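Using UniProt numbering, the letters of the sequence shown correspond one by one to residues 1 to 384.
Step one of this worksheet: look at the structure below.
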Amino acid sequence: MKLSTPVLRMKSSFIREILAAASDPNVISLAGGLPDEKTFPLDILKPVMTKIPEDVSLFQYGPTQGYGPLVKHLTARYEVPNHHKLLVTTGSQQGLDLIARAFFDPEDKIVMEAPSYLGAMQVFDLVQARILEVPQTDEGPDLEALEVCFATQRPKAFYGVPDFHNPTGVSWSLATRHKVAELCLAYQVTLIEDAPYRDLRFSGDALPMVSSFCPDQSLVLRSFSKIASPGLRMGVVSGPEAWVDALIKVKQGADLHSSVPVQAMLLGLLEHPDFDAHVAKVSDLYQGRYQVLAKALSALEDYGCRTLPTQGGMFVWLTLPDCDTMALAYRLLDQGIAAVPSDVFYSGDKGQSALRLNFTNATPDKLEQAVMRLESVLKSLAPK
Ligand code: PMP
Numbered sequence: 001m002k003l004s005t006p007v008l009r010m011k012s013s014f015i016r017e018i019l020a021a022a023s024d025p026n027v028i029s030l031a032g033g034l035p036d037e038k039t040f041p042l043d044i045l046k047p048v049m050t051k052i053p054e055d056v057s058l059f060q061y062g063p064t065q066g067y068g069p070l071v072k073h074l075t076a077r078y079e080v081p082n083h084h085k086l087l088v089t090t091g092s093q094q095g096l097d098l099i100a101r102a103f104f105d106p107e108d109k110i111v112m113e114a115p116s117y118l119g120a121m122q123v124f125d126l127v128q129a130r131i132l133e134v135p136q137t138d139e140g141p142d143l144e145a146l147e148v149c150f151a152t153q154r155p156k157a158f159y160g161v162p163d164f165h166n167p168t169g170v171s172w173s174l175a176t177r178h179k180v181a182e183l184c185l186a187y188q189v190t191l192i193e194d195a196p197y198r199d200l201r202f203s204g205d206a207l208p209m210v211s212s213f214c215p216d217q218s219l220v221l222r223s224f225s226k227i228a229s230p231g232l233r234m235g236v237v238s239g240p241e242a243w244v245d246a247l248i249k250v251k252q253g254a255d256l257h258s259s260v261p262v263q264a265m266l267l268g269l270l271e272h273p274d275f276d277a278h279v280a281k282v283s284d285l286y287q288g289r290y291q292v293l294a295k296a297l298s299a300l301e302d303y304g305c306r307t308l309p310t311q312g313g314m315f316v317w318l319t320l321p322d323c324d325t326m327a328l329a330y331r332l333l334d335q336g337i338a339a340v341p342s343d344v345f346y347s348g349d350k351g352q353s354a355l356r357l358n359f360t361n362a363t364p365d366k367l368e369q370a371v372m373r374l375e376s377v378l379k380s381l382a383p384k
């Protein structure tokens with residue numbers, strides 16, 4: 001059977017390719033966005049899981065919006081306004097897919113920061129939306145470019161990751177948050193705020209969500225992959241009721257509802273008195289690793305490499321002197337390090353030369369070793 005046009009156009013995912021190579025025990029992988037498995041809250045989950053079979057109704061078909069007690073818990077946890085609604089999704093990736101399919105016709109325009117999250121580019125490509133890119137600065141999207149884009153292109157929505165961006169680790173400043181919301185309101189552009197890393201803050205104070213400044217024009221995605229476990233596939237979307245009702249309709253066609261026993265597990269976890277301490281412990285662990293990686297990377301400044309400090313999340317963006325980053329990533333793989341080249345995070349023109357480095361899934365000594373191997377590759381490439 002002939003594949004559909006958008007599927008034919010899909011690039012094979014370099015990340016998946018590199019992750020396959022990274023399973024080699026001799027490769028140190030800084031490529032995936034994987035949490036450390038030792039952070040999975042199994043001590044809390046085990047007793048929760050043994051109770052689940054006691055309620056046979058959890059194993060019946062359930063409501064598309066989500067398991068009632070979980071929906072109630074999440075509505076209170078996230079202080080969802082009265083006229084908003086919340087939908088439990090099979091990971092926040094499904095939330096993105098539902099949004100793309102519910103609201104985008106081919107050629108509808110979506111604005112993203114450049115670079116941006118590959119998985120979001122994929123879902124908007126699949127519905128044949130037009131992705132418009134606005135460069136990212138150290139404080140979030142370039143506001144002048146964003147306003148010009150809104151004014152001249154009249155896009156439907158702006159997709160952003162304001163907290164600990166994937167792939168750059170950048171967080172938007174407070175002023176940027178206000179201004180983006182103001183621009184979305186002025187130009188009637190819907191904000192899609194993707195916040196999977198928001199709870200993984202290890203220093204500095206949390207800033208308000210951008211959507212809190214334009215709630216009636218926002219859809220918000222949250223994920224439990226980074227603070228609980230990605231294998232649970234649990235996420236949540238919230239926004240104005242009529243919009244979430246449209247997402248519920250699309251979800252009915254996608255998977256009827258997310259797994260009810262897993263939703264019950266998540267509820268047990270979130271309600272557990274030790275859950276907040278668990279998240280704080282995970283953030284502390286990642287802070288230690290980030291510090292080790294950042295210190296090691298500072299030795300690469302002699303090769304023209306730079307990093308931006310981050311206060312949370314999972315990634316460091318190492319900018320390099322202009323080069324073919326894809327070729328560099330393959331060369332690094334030969335030397336036993338997996339890292340993701342910047343090219344894959346741009347939809348249009350190749351942007352900055354950089355590597356995305358993950359610091360949450362390798363031990364401190366592996367992080368140091370990886371940077372030593374990276375340095376030897378850079379040394380071999382440096383002009384003599
Ligand atoms: N958004 C962003 C920015 C991400 O980095 C990821 C995970 N890599 C997702 C969404 C999807 O996360 P989930 O596991 O909740 O589907």
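Glycine included, every Cβ here is placed at the ideal spot set by N, Cα and C.
These numbers were taken from a predicted model, which means no experiment stands behind them.
What do you reckon, is the C-beta of S223 under 7 Å from a heavy atom of the ligand PMP? Start at 1 with the first residue of the sequence shown, and residue 223 comes out as number 223. Because some heavy atom of the ligand PMP lies under 7 Å away, the Cβ of S223 counts as near it: yes.
Residue burial classification, M265 (beta-carbon count within 10 angstroms, cutoff 16): Here the question's residue 265 lines up with position 265 in the sequence shown. Counting Cβ neighbours within 10 Å, M265 comes out buried, since at least 16 surround it.
Taking only three categories from DSSP, how would you classify Y159? Numbered from 1 along the sequence shown, position 159 holds the residue referred to as residue 159. Here Y159 sits in strand by DSSP.
Can you name, in chain order, every residue of its own chain whose Cβ lies under 6 Å from the Cβ of G312, other than the five neighbours on each side? Along the sequence shown, read from residue 1 onward, the residue named residue 312 stands at position 312. Around G312: F164, L200, R201, F202.
Could you check if N26 belongs to the surroundings of the ligand PMP, using beta carbon to heavy atom distance under 7 Å? Residue mapping note: residue 26 aligns to position 26 of the sequence shown, counting from 1. It does not: the Cβ of N26 is nowhere closer than 7 Å to a heavy atom of the ligand PMP.
Would the C-beta of T166 count as close to the ligand PMP, meaning under 7 Å from any of its heavy atoms? Locating residue 166 in the sequence shown gives position 166, where the first residue counts as 1. Just to set this straight, residue 166 is Asn in the shown sequence, not Thr. Under cutoff, so the answer is yes.
Are P196 and S298 touching if we call contact CB-CB under 8 Å? Translated into positions along the sequence shown, residue 196 becomes position 196. Translated into positions along the sequence shown, residue 298 becomes position 298. It is not a contact, given that the beta carbons lie outside the stated cut-off.
Where F158 and D349 are concerned, what is the direct C-alpha to C-alpha distance, given to the nearest angstrom? Translated into the one-based positions of the sequence shown, residue 158 becomes position 158. Translated into the one-based positions of the sequence shown, residue 349 becomes position 349. If you take the alpha carbons of F158 and D349, they lie about 19 Å apart.
Assigned exposure category for G68 - 16 Cβ within 10 Å defines buried: Here the question's residue 68 lines up with position 68 in the sequence shown. With fewer than 16 other Cβ atoms within 10 Å, it is exposed.
Where S211 sits in the DSSP three-state scheme: On the sequence shown, position 211 is the one that residue 211 refers to. Helix, per DSSP.
Kindly identify the DSSP beta-bridge partner or partners of W317. As a first step, residue 317 is located in the sequence shown; it is residue number 317 there, counting from the start. Its beta-bridge partners are R356.
Say yes only if the C-beta of residue 387 is nearer than 7 Å to one or more non-hydrogen atoms of the ligand PMP, and no if none qualify. Residue 387 falls outside the range modelled here, since the chain spans only 1 to 384, and no answer is possible.
Kindly give me the distance between the Cβ atoms of M314 and T360, rounded to whole angstroms, as I take these residues to be in contact under 8 Å. Position 314 of the sequence shown, counting from 1, holds the residue named residue 314. Position 360 of the sequence shown, counting from 1, holds the residue named residue 360. With 8 Å as the limit, M314 and T360 qualify as a contact, their Cβ atoms being about 5 Å apart.
Would you check whether the ligand PMP has a heavy atom nearer than 7 Å to the C-beta of G239? Walking along the sequence shown from the start, residue 239 turns up at place 239. No, Cβ of G239 sits at least 7 Å from all heavy atoms of the ligand PMP.
State the DSSP-derived secondary structure class of R154, mapped to helix, strand or coil. Reading the sequence shown from its first residue, position 154 is the one you call residue 154. Here R154 sits in coil by DSSP.
Go ahead and pull the three-state DSSP assignment for Q311. Within the sequence shown, the letter at position 311 stands for residue 311. Three-state DSSP puts Q311 in coil, outside helix and strand.
Considering only heavy atoms of the ligand PMP, does any lie closer than 7 Å to the CB of G66? Residue numbering aside, residue 66 sits at position 66 when the sequence shown is read from its first letter. False, no ligand heavy atom lies under 7 Å from that Cβ.
Could you tell me whether the stretch 252-263 touches the stretch 58-66, where touching means 3 or more Cβ pairs closer than 8 Å? yes
Helix, strand or coil at V134 according to DSSP, with G and I counted as helix: Taking the sequence shown and counting its residues from 1, the one referred to as residue 134 is at position 134. Three-state result, V134: strand.
Considering just the uninterrupted stretch of the alpha helix (DSSP H) at R77, what are its terminal residues? In the sequence shown, residue 77 corresponds to position 77, counting from 1. Here the alpha helix (DSSP H) through R77 covers 68-77.
Mind the definition here: the stretch 144-154 touches the stretch 119-127 only if three or more C-beta pairs lie below 8 Å; say whether that holds. no
With a CB to CB cut of under 6 Å and the five nearest residues on each side skipped, what residues in its chain are close to V244? To locate residue 244, count along the sequence shown from 1; it is residue 244. Same-chain partners within the cutoff: K85, L87.
Where the alpha helix (DSSP H) through E375 begins and ends: For this step, residue 375 is matched to residue 375 along the sequence shown. Counting along the chain, the alpha helix (DSSP H) containing E375 begins and ends at 364-381.
Should E107 go down as buried or exposed, given a rule of 16 or more other Cβ atoms within 10 Å for buried? In the sequence shown, counting from the first residue as 1, residue 107 sits at position 107. Under this definition E107 is an exposed residue.
For F104, count neighbouring Cβ atoms within 10 angstroms of its own Cβ and tell me buried if that reaches 16, exposed if not. What you label residue 104 is simply residue 104 of the sequence shown in a count that begins at 1. So F104 counts as buried.
So does D43 have its beta carbon nearer than 7 Å to some heavy atom of the ligand PMP? In the sequence shown, the residue the question calls residue 43 occupies position 43. No, the Cβ of D43 stays beyond 7 Å of every heavy atom of the ligand PMP.
For the stretch 264-281 against the stretch 212-230, are there 3 or more C-beta pairs whose distance is under 8 Å? yes
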